[in-house]
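Note sheet for the following structure.
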Amino acid sequence: MSSQIDHLLDETRRFPPAEEFAAAAVAQPEVYERAGADREAFWGEQARELLHWKKPFTRVLDWSTPPFAKWFDDGELNVSYNCLDRHVEAGNGDRVAILWEGEPGDSRRITYAELTDEVKRVANVLSGFGVGVGDRVAIYLPMIPEAVAAMLAVARLGAVHSVVFGGFSADSLRSRIDDAGAKVVITADGGYRKGRVSALKPAVDQALGDRGDGVQQTVEHVLVVKRGENDVDWVEGRDVWWHDIVPAASVDHEAQAFPAENPLFILYTSGTTGKPKGILHTSGGYLTQAAYTHRNVFDLKPETDVFWCTADIGWITGHTYVTYGPLANGATQVLYEGTPDAPHPGRWWEVIEKYGVTIFYTAPTAIRSFMKIGRSVPRKFDLSSIRLLGSVGEPINPEAWMWYREVIGGGDTPIVDTWWQTETGAIMVSPLPGITATKPGSAQVPLPGIAIDVVDETGEEVGNGNGGLLVITEPWPSMLRGIWGDPERYKETYWEKFDKQGFYFAGDGARLDEDGDLWLLGRVDDVMNVSGHRLSTAEIESSLVAHEATAEAAVVGASDETTGQAVVAFVIIKESYLSEHDAAGLATQLRQWVGEQIGAIARPRDVYIVGELPKTRSGKIMRRLLRDVAEGREVGDTTTLADTAVMSIISAQVK
Ligand code: WT7
256 MSSQIDHLLD
266 ETRRFPPAEE
276 FAAAAVAQPE
286 VYERAGADRE
296 AFWGEQAREL
306 LHWKKPFTRV
316 LDWSTPPFAK
326 WFDDGELNVS
336 YNCLDRHVEA
346 GNGDRVAILW
356 EGEPGDSRRI
366 TYAELTDEVK
376 RVANVLSGFG
386 VGVGDRVAIY
396 LPMIPEAVAA
406 MLAVARLGAV
416 HSVVFGGFSA
426 DSLRSRIDDA
436 GAKVVITADG
446 GYRKGRVSAL
456 KPAVDQALGD
466 RGDGVQQTVE
476 HVLVVKRGEN
486 DVDWVEGRDV
496 WWHDIVPAAS
506 VDHEAQAFPA
516 ENPLFILYTS
526 GTTGKPKGIL
536 HTSGGYLTQA
546 AYTHRNVFDL
556 KPETDVFWCT
566 ADIGWITGHT
576 YVTYGPLANG
586 ATQVLYEGTP
596 DAPHPGRWWE
606 VIEKYGVTIF
616 YTAPTAIRSF
626 MKIGRSVPRK
636 FDLSSIRLLG
646 SVGEPINPEA
656 WMWYREVIGG
666 GDTPIVDTWW
676 QTETGAIMVS
686 PLPGITATKP
696 GSAQVPLPGI
706 AIDVVDETGE
716 EVGNGNGGLL
726 VITEPWPSML
736 RGIWGDPERY
746 KETYWEKFDK
756 QGFYFAGDGA
766 RLDEDGDLWL
776 LGRVDDVMNV
786 SGHRLSTAEI
796 ESSLVAHEAT
806 AEAAVVGASD
816 ETTGQAVVAF
826 VIIKESYLSE
836 HDAAGLATQL
846 RQWVGEQIGA
856 IARPRDVYIV
866 GELPKTRSGK
876 IMRRLLRDVA
886 EGREVGDTTT
896 LADTAVMSII
906 SAQVK
């Protein structure tokens, strides 16, 4: 942390918005005053202006039973209608909603009218499967238009989707399906990644197979999109091809209105304990903040802009800034299926040139990997259409920020560094591009209507110039409404860190500089941030020890030039295995094992086979010391270790 603080002290660069940009910007300076004067009135206004309410709400916020909030709760709306039908009814049916680009180069342009029809058909299919209000549907799809249509079809019925990132393994999929009690799974044979079709359906089959663990299977139907040419196993009576049933379904489907607090989706995220948390979001408040932030932070002009958020729909960024925000605002957006470097390292820039992307939103990890390849690659493409850049997922270091602005933004493009979380549902802290003079590396200021602070362990404000813990001090419309099936864990995890009532603890360290601008300093617990995605050490450790060769394991996040943090594992191997296998072979096997069990994103960069782990007298693993080793540093204070010699042995073994 100290190096980041040093850096911030000498960060004096400021980039005020260009006059022309400021004059035409969606968000104008008085918005802060308006929101500051009456937060609830401000959000009420946004909800009414940006959304269509079948039954208008009369009350903005009910915070009578904190931390369980209700926003706009006597109002009724249909989320899918707000994202689709109303644009068609307003005469914008011919506007392109999705400019889809497949990895191999196939493409589709889908208008709002076409997407609306498709969603109506899918909704009819799902209701034919018996899906109704409150039922859960798991979605395990590649980045194809059907993924967006599936989410909106579920929402249209007042049902709840749980999107599982296609990179997750069968085991991860199974635990999420079981936890949510999903009735239907929507998947594909596979999707293109790095030039070949990466299979999805076999993982679904495996997840739904009988494992003899006595868990009652809840899935009745599997709807399968044919994307690749993969052969798939078929379970008669359960599995249905999308192309057999959706095109034949009726295109008439009237969206029914549901209460604003009707659950919209569950999305699983890592916590400090092994079990992923099902973060629950509801309808009216979520959609209000998704639409508001998408329009104001990205300065969206729906008639002329081409927006591109590179996130997968399996993450919250894909939910809010691929599906709900852009479509609620009637935007035209790019959806890209594959990896940034397939079939060539300039693929993303080629897509930007092809579609004339004007607003581009991606993650620091991607920016850093492009920096590594060098500016000659993006320079080959015409990126002059870009007028706004966004960053999300982890702190963006000032060097990457400057590179982004210069090489991708042509030297004069505003950057919005947006801080938020799966739990917050939408952007919370960010510059507003026509107002804020930006600072490389700082997420800067809470959005209008959002209240944050940096406090010490006791909940006291630290004040400008100091670091501490980031808290949100007032409820916000797109806040999580709980953890699926576990209200106690919801309270404990987020609301009981401080004695102060009503402080939401985000789990991030942060610092306020002398101007009061916010600098994010990373997670304060053992949760790692790999390529902008939160992974828990506990989850990877439990996967490692599930391997028959492993006796014990500890995982840490070590800083990594490209991915922000990388997973580094320290593993004790059972004696019987060590004598029969070489350490290098075991390390490779364990890396693969985690990849298969959880998914490639969790695969450790390094696996060190060690004889012991550093523990306190109460038996707690001291990850801080392992992090020192993983990052090649002098090992810190070892006085609280039960056996102080252990660290020198580990250091020697790692070398
Ligand atoms: C964690 C949330 C929000 C979508 C992607 C990740 C880190 C997120 C920033 C940023 C510094 C950031 C935080 C946060 N984070 N955005 N602009 N600057 N850190 O969603 O998986 O829920 O992770 O990502 O540590 O708590 P998530």
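Convert by adding 255 to the 1-based position in the sequence shown; the result is the number in the working numbering. Ideal placement from N, C-alpha and C gives every residue a C-beta, glycine not left out. All of these numbers come straight from a predicted model, not from anything done at the bench.
query                                                                                                           : result
Bounding residues of the alpha helix (DSSP H) (the contiguous stretch that carries Gln-472)                     : Premise fails: Gln-472 is in no alpha helix (DSSP H) and is neither H nor E.
Trp-658 - DSSP class collapsed to helix/strand/coil                                                             : helix
Ala-857 to Val-811 span [Cα, whole Å]                                                                           : 12 Å
Secondary structure of Ser-906, DSSP reduced to three states                                                    : helix
Leu-519: CB within 8 Å of a non-hydrogen atom of the ligand WT7                                                 : no
Which residues DSSP lists as bridging Lys-449, in chain order                                                   : DSSP lists no partner for Lys-449.
Contact under 9 Å by Cβ, Val-612 with Ile-641                                                                   : yes
Beta carbon proximity, Gln-461 to chain D, threshold 9 Å                                                        : In summary, chain D is missing from the structure at hand, where a single protein chain is found.
Own chain residues within Cβ distance below 6 Å of Gln-461, not counting five before or after                   : Ala-425
DSSP bridge partner residues for Trp-308 (one or two, in chain order)                                           : Note: Trp-308 sits in no beta bridge, so no partner.
Extent of the continuous beta strand (DSSP E) to which Ala-324 belongs                                          : 323-326
Residue interval of the alpha helix (DSSP H) (run including Asn-551)                                            : 539-552
Beta-carbon spacing of Val-248, Pro-686 below 9 Å                                                               : Residue 248 lies beyond the range of the chain shown here (256 to 910); nothing can be said about it.
Boundaries (first-last residue) of the alpha helix (DSSP H) holding Ser-427                                     : 425-435
Glu-288 classed as buried or exposed, judged by whether at least 16 other C-beta atoms fall within 10 angstroms : exposed
Lys-556 - DSSP class collapsed to helix/strand/coil                                                             : coil
Inter-residue Cα distance where the pair is Ala-454 and Glu-484                                                 : 10 Å
Classification of Ile-628 by the beta-carbon crowding that lies within 10 angstroms, buried from 16 upward      : exposed
Length of the line joining the Cα atoms of Glu-729 and Ser-382                                                  : 38 Å
Leu-868 in three-state terms, based on DSSP                                                                     : coil
CA-to-CA distance, His-836 to Ile-705, given in whole angstroms                                                 : 56 Å
C-alpha gap between Phe-553 and Val-589, whole angstroms                                                        : 15 Å
Touching by the beta-carbon criterion (3+ pairs, under 8 Å), the segment 712-732 and the segment 754-771        : yes
As assigned by DSSP and simplified to three states, the class of Pro-701                                        : strand
Those residues which DSSP pairs with Lys-532 across a bridge                                                    : Thr-524
Assigned secondary structure, Trp-496 (DSSP; H/G/I helix, E/B strand, else coil)                                : strand
Closest by C-alpha distance to Lys-556, when choosing among Val-377, Asp-892, Val-281                           : Val-281
Contact check, Ala-402 vs Ile-432, beta carbons under 9 Å                                                       : no
Distance CB(Gly-533)-CB(Ala-435) smaller than 9 Å                                                               : yes
Local conformation of Asp-708 per DSSP, three classes                                                           : strand
8 Å contact criterion, which Leu-522 and Val-334 should meet: CB distance rounded                               : Actually they are not in contact, since the Cβ atoms of Leu-522 and Val-334 sit about 15 Å apart, beyond 8 Å.
Three-way DSSP call (helix, strand, coil) for Val-377 in this model                                             : helix
Distance cut-off 8 Å: Gly-850 Cβ against heavy atoms of the ligand WT7                                          : no
Proximity of Phe-520 and Ala-352 at Cβ, strictly below 9 Å                                                      : no
Buried versus exposed, by CB contacts within 10 Å (16 or more), Gly-580                                         : buried
For review: beta carbons within less than 7 Å of any heavy atom in the ligand WT7                               : Thr-524, Trp-570, Ile-571, Thr-572, Ser-646, Val-647, Gly-648, Glu-649, Pro-650, Ile-651, Asp-672, Thr-673, Trp-674, Trp-675, Gln-676, Thr-677, Glu-678, Ala-698, Ala-761, Gly-762, Asp-763, Leu-775, Gly-777, Arg-778, Asn-784, Gly-787, His-788, Arg-789
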